[in-house]
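Structure, rendered in structure tokens:
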């Protein structure tokens, strides 16, 4: 009864606080802010009522609303970076609505920029300046000015944001150097589920950037936001017809060329929006991209042994990838405004991402002497060589439906939302590994940084290898989320100080399921396959084009499937692997909050508290090898959190803002950490266990932020900030053998809550459009930012930096843009970070990627562009202990894009 009682008390408190009659105002004031020449809405414009010291920010459609005003005459000022301020006088009457439509003209510059990079900077900086919390914004215009094929890549341009790449493509977002699982991702106000079985982090490469209107990254959270975000909260907003004033369309076609695999790939995108009868808006967007590319990889994978004999390598594997990735994204958004007081909307998303991968590999393993430590550089010795093929297609989908609306009354505003989202990831029946083996003399390797396997002619001879094992798998993950929320807000006046009170409730249900079947086909000769049929030369194709050293012909999938289809699948089913990773995890979350802000001249204080309660049910299986029996492993858990927050925003001058925030946030454990699968193995009387921990507590973080922002008169920003996070219940992997119920175990690997962790950092940003300089220098634009971070985490026996946390994240973009052409050179950098805590820790090396874009207008509506991605051919590299000892090296080559775009304005 504890949690329902708390929630009921909170709900009653919210209603009581909101319903109290603080004032008797009964008038309304609303309007619309647009550019005088283009008629486009100016999101982020600040509207101030001088006599009441009240301010509102124009929304993405340019509208603003003041409710509950006393009757009287007021002075209204409208400001927007890059535009001349305007001052108007209005009269408010009881029980009536006063309307004001404003068209801003240019200030010190020739015109207000609403498109291109300059327009993007203007929109972004105005939204950032007007926000109560610390937020960074990128708009749709900037998404097309860089070679960013998905939302993840677009976000790397934001201060304090870097990305994790997969096969060279941006996939997951890191905020302030923190790993993706510490951040949240929402779209159109609802949380997106995660396709992967093990993570909460959303792989944003499944969302094409063509479907997006803007993306916001909140680094400090207010109580009306979901609390599960330690690093930052990413909010993706899709297109709305009311984002523009008239019929709009955008059509583009593109061809891209990958230098490594010498493949050319097509891309098509279209978006359209229109408004009918000033009440009904329709926006549609679709994007299709099929990319053929690949990578060359070599990895020691933690197999260096450091002893008094020097560095010895036990095993190394060379991998060649051929990849086809196909993305299809479709969005249909409807808006209905039956009158001035009510808005309704429907936001939909369908995204499909198919990743077809064929991986040929060659691995050499040396076991030398009694200690079997491995081989030194240049030394020759017999090795167990394994040639392998992995061939699969992974299908990922995200579907989202969001219905909501807003109703504005004389004193109150109510907004509400119902949402359903589903993500899935499946790998239909595929070859997870077909292994051909041979023992070959005089095998060696060169170099510790990028090892190359060296062997005699027999090493590349397919006739030397015999098929030993085929692993076939079929997996499916599904993540469903249903949520409903409602918010109430009201403007009020307390002792001649204006303010607002806001409160609301949210309920959500999440169900995550994972299913996997595994078949291991081995001892093939005993199953009726002749030894002659198992020789690798029966399975080969042309030689592999591998730039890190040749290792012979490729392996074809078709003859492997011919063998698999001849055998009885039921006889080869691995029952343990097919069941131990299956799970169902459900989470029911109920939240309520109350917050309010009050303005004292140039100071705005925002304070409030959020309460979240969560009930979790995790169902899986436990397998004990000694008894060869499965049993159900069902675990229930719950937790609740009170999360207070205080934000202060002080306008030191018209262009300079100081911000401070004290917030409390949480991060729930990943599904890999929570998984209820429990495996006990018996190795000659020595017990070993590996299992998840459904009883883990969420990480709790107390956060402090302080920053100063100075906005230039034209378009520009200079800002500096510091932040500190004090984290409890830090989660890490541990061996708990020899303790508690695992006292008799030799090994018992699981995840546990550790001691404390802390993160501190500095964030600097500089944006400048040099429109104050004489031509031609007035068309230069610079956008630069750097985030410096330091962290410590206590894992019991030692202090480590937070895993996946980069000490330095930086972005630089230098551009030249006029009315007819633009050229941009950009760089994204992140420093090395701890990847895995081990006997010898593993680190991901620093990464610096340069991209180039050139665009030219053929007509007012038609633009041609050229983009070069990864122009320095930057590889991915991780190392074990010291930088010269390879853990993984992977290169992708350069990619060049040529396209044409037609846009209406």
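Residue numbers (my numbering): 4 to 908.
Virtual Cβ for every residue (Gly too), placed ideally from N, Cα, C.
- Cβ atoms of residue 39 and residue 126 stay farther apart than 8 Å, at about 16 Å.
- Look at residue 821 here: in three-state DSSP terms it is coil, with no helix or strand label.
- Under the Cβ criterion (8 Å, minimum of three pairs), the segment 498-517 does not count as touching the segment 561-575.
- Look at the beta carbons and you see the segment 179-192 not touching the segment 651-667: under three pairs across the two are nearer than 8 Å.
- If only uninterrupted alpha helix (DSSP H) runs of at least 4 residues are considered, those enclosed by the segment 659-705 are 674-677.
- Across the structure, residue 382 and residue 458 are spaced so that their CA atoms are roughly 11 Å apart.
- DSSP places residue 487 in the uninterrupted beta strand (DSSP E) bounded by 469-497.
- A direct Cα-to-Cα measurement between residue 344 and residue 709 gives close to 38 Å.
- In the DSSP assignment, residue 569 falls outside any beta strand (DSSP E) and within the unbroken alpha helix (DSSP H) covering 561-569.
- Contact between the segment 479-489 and the segment 416-427 is present: 3 or more CB-CB pairs across the two stretches fall below 8 Å.
- DSSP, reduced to helix, strand and coil, places residue 353 within a strand of the structure shown.
- When secondary structure is reduced to three states using DSSP, residue 905 falls in the strand class.
- Look at residue 743 here: in three-state DSSP terms it is helix.
- Between residue 106 and residue 59, the alpha-carbon positions lie close to 17 Å from each other.
- Just so you know, the alpha carbons of residue 676 and residue 692 end up roughly 15 Å apart.
- With fewer than 16 other beta carbons inside 10 angstroms of its own, residue 649 counts as exposed.
- In the structure shown, residue 897 falls within a coil segment according to DSSP collapsed to helix, strand and coil.
- The DSSP-derived three-state label of residue 579 is coil.
- Under the 10 Å beta carbon count, residue 568 is surrounded by fewer than 16 other beta carbons and is classified as exposed.
- For residue 255, no alpha helix (DSSP H) encloses it; the enclosing beta strand (DSSP E) starts and ends at 251-261.
- With respect to the C-alpha of residue 259, the residue from 778, 294, 588 having the closest C-alpha is 294.
- Between the C-alpha atoms of residue 596 and residue 359 there is a straight-line separation of about 45 Å.
- About 5 Å separates the CB atoms of residue 36 and residue 65; that is less than 8 Å, so the two are in contact.
- Around the C-beta of residue 462, 16 or more other C-beta atoms lie within 10 Å, and the residue is accordingly described as buried.
- Only buried fits residue 194, as 16 or more other CB atoms lie within 10 angstroms of its CB.
- For residue 41, the three-state secondary structure derived from DSSP is coil.
- In this structure, residue 873 sits near residue 852, with a CB-CB distance shorter than 8 Å.
- Of the residues 790, 889, 681, 456, the one whose Cα lies closest to the Cα of residue 181 is 790.
- Straight-line measurement puts the Cα of residue 63 at about 29 Å from the Cα of residue 706.
- For residue 154, the uninterrupted alpha helix (DSSP H) segment begins and ends at 154-158.
- Secondary structure at residue 230: coil, using DSSP grouped into helix, strand and coil.
- Residue 780 counts as exposed, since fewer than 16 other C-beta atoms from the protein chains shown sit within 10 angstroms of its C-beta.
- Counting along the chain, the unbroken beta strand (DSSP E) around residue 445 starts and ends at 415-449.
- Of the candidates 239, 714, 599, 599 places its Cα closest to the Cα of residue 227.
- Taking a C-beta distance under 8 Å as the contact criterion, residue 757 and residue 695 do not qualify as a contact pair.
- Of the candidates 761, 405, 432, 811, the residue whose Cα lies closest to the Cα of residue 419 is 405.
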